[in-house]
Structure formats: C-alpha cells, structure tokens
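To start, the structure itself, in structure tokens.
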Amino acid sequence: MSESTGPIAAPTSAGNPLLQAWTTPFETPPFTEIAPEHFLPAFEQAFADHAAEIAAITNDPTEPDFANTVTALERSGKLLNRVAAVFYDLVSAHSNPALLEIDKDVSLRMARHWNPIMMNAVLFGRIAALHDKRAELTLTSEERRLLERTYTRFHRSGAGLDDAAKKRMAEINERLAQLGTDFSHHLLGDEQDWFMEIGEGDYDGLPDSFVAAAKAAAEERGLPGRAVVTLSRSSVEPFLKMSSRRDLREKAYRAFIARGDNGNANDNNALIGEILGLREESAKLLGYPTFAAYRLEDSMAKTPEAVRGLLERVWKPARARAMADRDALQELVTEEGGNFKLAPWDWRFYAEKLRQRRANFDDAAIKPYLSLDNMIAAAFDTATRLFGVTFAERKDVPVWHPDVRVWEVKDEGGAHRGLFYGDYYARPSKRSGAWMTSLRDQQKLDGAVAPLIINVCNFSKGADGEPSLLSPDDARTLFHEFGHGLHGMMSDVTYPSLSGTSVFTDFVELPSQLYEHWQERPEVLQRFARHYQTGEPLPDDLLQRFIAARKFNQGFATVEFVSSALLDLEFHTQPAASVGDIRDFERRELDKIGMPEEIALRHRPTQFGHIFSGDHYASGYYSYMWSEVMDADAFGAFEEAGDIFDPKVAKRLRDDIYASGGSRDPEEAYIAFRGRPPEPDALLRRRGLLETPEAA
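Each residue of the sequence shown is one higher than the one before, starting from 177 at the first, in this note's numbering.
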C-alpha cells in the first residue's frame with residue numbers, strides 16, 4: 177500500500193522540511209528537523225496553494241459536475257492539511273512559548289483563509305446546482321453522502337447570505353478563532369503555573385505508586401528529588417481519593433476548579449461572555465434562534481429539546497443516587513469522628529472508603545496489575561481478536577518527544593494499514609486531558625493513503641525506572657482513546673472529508689465508548705492484568721470485587737457529567753445578554769437543577785475547553801451520553817452472541833461502524849450493525865441507575 181498523499185507543491189523556502197518531500201519511513205513528519213520558525217512560511221505557501229486550487233474550481237468555465245467540483249474540492253489543500261496537522265499536534269502535545277505565539281497568528285490567518293472559501297457564492301452555486309439535481313446524477317452511495325455533506329457544510333457556513341451578512345460572519349469567525357486560542361492558552365498557563373510540593377510528612381494515605389509519579393512530575397519540572405501534585409487530572413483526582421490530609425486535598429481541589437478563574441492574566445471569564453455573544457449572533461445571521469438550535473440541527477439529536485430530554489431523564493435517578501451516597505458518606509465522616517460537613521474535596525476520599533466497605537475493593541489494590549505497557553498490549557490484542565489487525569513497534573519513525581512510541585498496524589493478511597503513535601505521559605508542555613488526532617487521514621481518492629493516528633494521554637510517569645501504573649479510570653481512558661484511534665485506523669472510504677472520525681459529534685463517541693467495555697471484561701483482565709513486580713495474574717477474588725464495584729459511585733460520576741452538559745446547553749440556548757457574570761450564571765443554573773453542593777461540575781466554565789477552546793463540542797458536550805446510549809446497547813450484540821469476540825458481530829462492527837467513517841448516515845449505520853435502533857434504558861442499566869438507591 178502506498179502512503180503517498182499525492183503531489184505536494186514545490187517548496188519555495190529552501191531548507192524548510194515542511195515544504196519538502198518527506199523521505200522518512202512511511203513519509204511521516206520529520207519532527208526532529210522541524211523548528212517553530214518553519215511554520216509561518218509553510219502556512220503562507222499552503223494558503224497560497226489552496227487559494228489557487230479553489231480559484232481554479234470556482235472559475236472553471238465548464239458546467240459543474242461531481243468530478244470538477246466536489247472531487248476537485250476533495251483534492252485541494254493537501255499541503256495545508258499536512259502543515260496544520262503537524263502544527264496542531266505540537267501545540268497541543270509539546271508546546272513552547274514560540275509555538276504558542278505562532279498559534280495566535282495562525283488561528284487568525286486560518287479564519288481569514290477559510291472565510292472567503294466557505295462563503296464563496298460562485299463556488300456554492302456550483303455545489304448547489306449539483307445538489308438540486310442529485311437524484312438525476314449517477315453517484316455511488318458514498319458520493320451521494322459526500323455531496324450532501326459538502327452542500328450542508330457550505331450552507332451552514334453562510335455561503336447563501338448577502339454580502340453584508342457575509343462580511344459580518346467573517347468578522348465573527350476571525351474573532352472567535354482568536355478567543356478560542358486565547359482560552360486554550362490561558363488554561364494551559366494556569367495548569368503550568370501551579371503545583372503543590374509534598375514532603376514525606378504529607379504522604380499519609382498515598383500509595384508508593386502515587387509518590388513515585390509525584391517525584392517523576394517534579395523531575396519533569398526541574399525539581400529533582402522532590403515530589404509535586406500537578407493540575408493534571410491524573411494527578412489531582414488520585415490525590416483527592418487517597419490523601420488523608422484534608423487540608424492538602426482542599427488546596428489541590430480549589431486550585432483544580434479555579435483554572436481560568438483566578439483574576440490573573442489567564443482569566444477566561446470575559447472571553448466566555450464574548451464567545452457566547454458572537455456565537456448567538458452568527459446563529460441568528462443564519463436564521464436560527466439560538467446557537468444550540470443551529471449546532472444541533474446537524475447532529476443525530478437534531479434539537480435542544482431532544483438533548484434536554486435525554487439529560488433530564490438521566491439526571492433524576494443520578495441525582496437521587498448521589499444524594500443517597502452523600503448521606504452515607506456524611507455518616508462515615510461522623511462515624512470516624514469528623515466534626516465537619518462533607519465538602520467537595522472530601523467526596524472522593526470517603527467514597528473510596530465506602531467502596532472498600534461495601535465492595536471490599538479500592539483502586540490502590542488493582543493498580544499494581546494495571547501497568548501501562550500491559551494495558552496497551554490488552555488494547556492491541558482486543559483489536560487483533562476483533563478485527564485481525566496486528567501491531568509492531570517501530571523505532572525508526574521520528575517523534576516529537578522521546579516518550580512517544582510508534583507502532584506499525586497491519587491487516588490480517590500482512591498489508592500495511594497505518595501507523596499508531598502513543599503519547600501517554602503528562603508533562604508541562606502538554607495540555608490536560610486525553611484525545612485522538614491524526615497526522616494523515618485514510619483515503620483512496622488517488623491511490624490508497626494509509627492513516628497516521630495519534631493518541632495523547634496524561635498518565636503519571638513512574639519514577640526511577642518503575643512502570644506507569646494506571647487506575648481503572650486511566651485504563652478505561654486508554655481504551656477509550658484507542659477506540660477513537662481504531663475509528664481512524666480502520667477507516668475504509670474513498671474521500672478524505674468522510675474519513676475516520678469525520679462524523680456527527682454525537683456519533684463520534686460510539687466507537688470509543690464501546691471499546692471501553694472490553695477493558696473491564698474478565699476475558700481481557702485475566703490475560704493482561706499482571707502484577708508489575710511479580711508477573712502474577714490478577715487474583716480471581718480481586719477481579720470479582722473489581723467487577724462488583726464498577727457501578728459504585730455512579731451517581732457522583734453521572735451528576736458531575738450531566739450538570740456540565742446541561743450548563744453547556746443553557747449557555748447556548750439562553751440569550752447571551754442574559755448570561756451576565758459567568759460565576760453567577762453557573763450558580764443560578766446549578767441551583768435550578770438542584771446540584772448537590774458537595775459535587776463540582778466535571779468542567780467549570782472557565783476550564784471547559786471542550787466548548788470554549790473551539791466550538792467542536794459547543795452545545796455538544798451531551799454527545800458522550802448520547803453515544804453511551806448506543807454503546808451500552810451495542811455491546812449487548814456481543815453478549816447476546818455469547819462471545820465478546822464473536823466473528824460475525826465483529827465483522828458488522830468493523831464494516832458498519834469503524835470502517836464506514838462519515839460515508840453513511842449514523843442512524844442507518846447503527847441499525848445496520850445492531851439490526852434495530854438503540855434501546856435507551858441500556859445506559860441506565862449500565863450505570864446501575866435503574867435500581868433504587870437503597871438497592872445499589
């Protein structure tokens with residue numbers, strides 16, 4: 177299989193690796209040769225090339241047809257895609273001050289480049305003419321889907337507006353690009369600036385694995401021989417769960433929820449207000465009453481009412497469970513002689529104690545069996561057993577940081593399918609969270625192009641040569657992101673715009689969340705959960721206790737997520753002018769839904785990068801739960817077959833979900849796999865929320 181992405185424009189800047197043919201294995205980016213100063217010249221060349229390609233399509237004197245318009249658009253922008261993929265990978269996963277400065281410039285230039293393309297009336301006229309007579313055209317099902325998606329994308333970008341409205345829309349897009357970049361940089365700044373040093377007297381309750389990770393984090397920050405808690409979720413949450421020091425838990429918790437809300441140069445409050453106002457204005461220019469109405473029209477959910485219906489259906493039993501758990505935790509505090517009211521920085525600590533009592537299980541007991549290497553091997557083996565793909569590590573592929581690992585992915589017959597990059601450890605140069613992205617997407621437009629897929633996580637690194645040990649949540653995150661990765665790697669479409677994860681936001685989480693199910697299955701854990709020191713398999717009694725404990729604290733987990741999703745929806749359905757002070761709005765909305773004061777939002781507004789660092793999940797944070805309805809139901813197909821690796825079910829999963837990318841309507845794709853629409857109560861069953869709180 178060829179990995180060529182097709183012809184790239186001749187370089188105009190000698191010595192710029194971004195503008196030269198890549199002679200690396202599989203034509204991968206030569207990261208060791210790329211410096212920040214290479215990016216702006218490369219972007220300038222890429223913008224010029226792409227603009228010329230678009231002009232040629234727009235000014236084509238022949239009557240528009242699928243080949244000279246839609247296919248030509250798909251072929252355009254190769255250099256821009258290549259440069260942008262490398263740039264944004266580095267900005268997110270291994271940034272530095274020079275890159276962040278360039279990012280501010282590039283975000284504005286990117287908006288100024290795309291605005292005249294997406295609002296080009298002549299180009300849109302060619303697309304619309306084809307769309308109007310689509311029933312008469314002889315097109316494959318994928319070509320029909322591409323035409324529909326291309327028309328929709330241009331229409332929703334304002335290509336049909338009058339000149340005055342287009343001008344204003346362009347101004348809005350430029351400003352939103354700047355604001356989203358600023359929001360992201362502010363959040364990274366607060367995360368980089370804060371850490372809490374802990375000494376031996378502060379280790380009460382902390383397992384050796386956490387202390388080792390805290391020492392590794394200090395080393396990463398140039399503090400050898402010391403130990404620090406950072407604002408990475410993989411550092412803060414275990415600390416809140418295990419530290420016996422209530423004063424330090426409070427300090428870490430308050431810093432964590434205050435990111436972007438400290439009244440300093442990184443404060444995001446004013447940015448949020450401006451973002452909301454501009455989004456609302458853009459939606460109204462396009463004829464929608466709210467930004468949520470605009471955004472959700474092009475989704476599986478279709479309307480804000482449908483989203484609210486799902487979230488409220490889940491909220492009621494989740495809140496009831498959380499309140500019952502809160503009372504049990506308060507009793508535990510009192511029983512231990514604690515003369516204080518349960519606070520948010522206490523919940524995880526006492527929930528862990530309660531779980532140990534009720535299920536005789538705690539995360540610290542299983543972590544020694546969940547080494548990072550073994551969980552990577554488990555994720556790979558699951559993919560092999562489901563889809564026949566294999567993974568072989570490559571040491572000859574350039575990477576952006578020494579910790580990054582690369583594997584070649586091959587099909588069952590040994591044919592090259594792509595490369596998978598794993599960047600697993602937290603570091604100051606990386607933004608928080610976990611994500612999947614790509615350096616190159618699969619396509620077959622001009623010969624087979626193999627994808628270059630990336631998973632980025634923020635796991636704590638073991639110190640002194642010790643392996644990284646994952647919590648059950650970390651292991652689930654690894655499988656989740658690898659599920660996204662498989663969506664990119666297993667893609668089998670012709671057109672790049674429909675490749676891999678190019679699907680509706682409320683469908684894109686299905687392949688990732690579905691893949692999580694295998695991580696917690698005995699068939700997987702019995703093989704790969706082995707003690708990092710002795711190699712002994714996970715004891716059966718501990719495995720059974722882990723399985724029994726999975727539904728514990730689901731009231732908390734569901735409440736912290738659904739409250740964030742509801743807040744996202746309210747931000748984008750209520751008039752922006754009525755939002756006012758962001759903290760007051762947050763408080764009003766949480767009071768309205770009866771948010772337990774002992775539980776914090778999973779993402780407070782000023783750190784809610786999903787919806788404010790860009791608009792990909794704006795009005796769309798609910799998508800994880802919408803997809804969970806499908807993933808909980810979808811795994812049932814394997815359970816009903818009596819084999820979680822059933823070949824027939826796995827083939828349908830590969831063909832209808834993972835390989836089809838955006839080439840099919842998602843509802844149609846799901847029904848093709850499952851034989852029917854999803855059964856909504858599967859989600860509540862999976863989370864253990866159908867039972868009464870007392871029965872849990």
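Where a beta carbon is used, it is the ideal one built from N, C-alpha and C, also for glycine.
Annotated three-state conformation of residue 406 is strand, per DSSP.
Per DSSP, reduced to three states, the secondary structure at residue 193 is helical. Closest option to residue 610, judged by alpha-carbon separation, among 409, 362, 838 and 191: 409. In the three-state reduction of the DSSP assignment, residue 584 falls in the strand class, which pools E and B.
If the five residues before and after residue 544 are omitted, its C-beta is found closer than 8 Å to the C-beta atoms of 385, 645, 707, 708 and 709, all from its own chain and listed in chain order.
Nearest neighbour of residue 392 by Cα position, chosen from 361, 542, 602 and 506, turns out to be 602.
At the C-beta level, residue 494 and residue 738 come within 8 Å of one another.
Among the bridge pairs identified by DSSP, residue 599 is matched with 632. Taken through DSSP and simplified to helix, strand or coil, residue 681 comes out as helix. Distances from the CA of residue 631 to each of 665, 311, 232 and 317 were compared; the closest alpha carbon is that of 665. DSSP places residue 566 in the uninterrupted beta strand (DSSP E) bounded by 566–570. Residues of the same chain with a CB within less than 8 Å of the CB of residue 399, apart from the 5 flanking positions on each side, are 373 in chain order. The beta carbon of residue 508 sits closer than 7 Å to those of 526, 529 and 530, all from its chain and outside the five residues before and after it, given in chain order. Comparing alpha-carbon positions, the option among 622, 577 and 656 lying closest to residue 612 turns out to be 656. Short of 8 Å from the beta carbon of residue 430, and not among the five residues preceding or following it, lie these beta carbons of its own chain, in chain order: 521. Taking C-beta atoms as the reference points, residue 582 and residue 595 count as a pair closer than 8 Å. Straight across, the Cα-Cα distance linking residue 407 with residue 318 is about 44 Å. Within the same chain, and ignoring the five residues on either side of residue 304 in sequence, the residues whose Cβ sits closer than 7 Å to its Cβ are 327. As a beta-bridge residue in DSSP terms, residue 592 pairs with 586. Taken in chain order, the unbroken stretches of alpha helix (DSSP H) that lie wholly in the stretch 353–403 and span 4 residues or more are 384–396. Contact between the stretch 307–318 and the stretch 358–377 is absent: fewer than 3 CB-CB pairs across the two stretches fall below 8 Å. Taking the Cα positions, residue 627 is about 25 Å away from residue 230. As a beta-bridge residue in DSSP terms, residue 625 pairs with 619. DSSP places residue 198 in the coil class of the three-state scheme, outside both helix and strand. The Cβ-Cβ distance between residue 722 and residue 542 falls below 8 Å. Taking C-alpha positions only, residue 849 is separated from residue 405 by approximately 44 Å. Looking only at 270, 283, 338 and 799, the smallest Cα-Cα distance to residue 358 is reached by 283. The shortest C-alpha to C-alpha distance from residue 637 to any of 746, 624, 600 and 793 is the one to 600. Rounded to the nearest angstrom, the gap between the Cα atoms of residue 798 and residue 829 is 23 Å.
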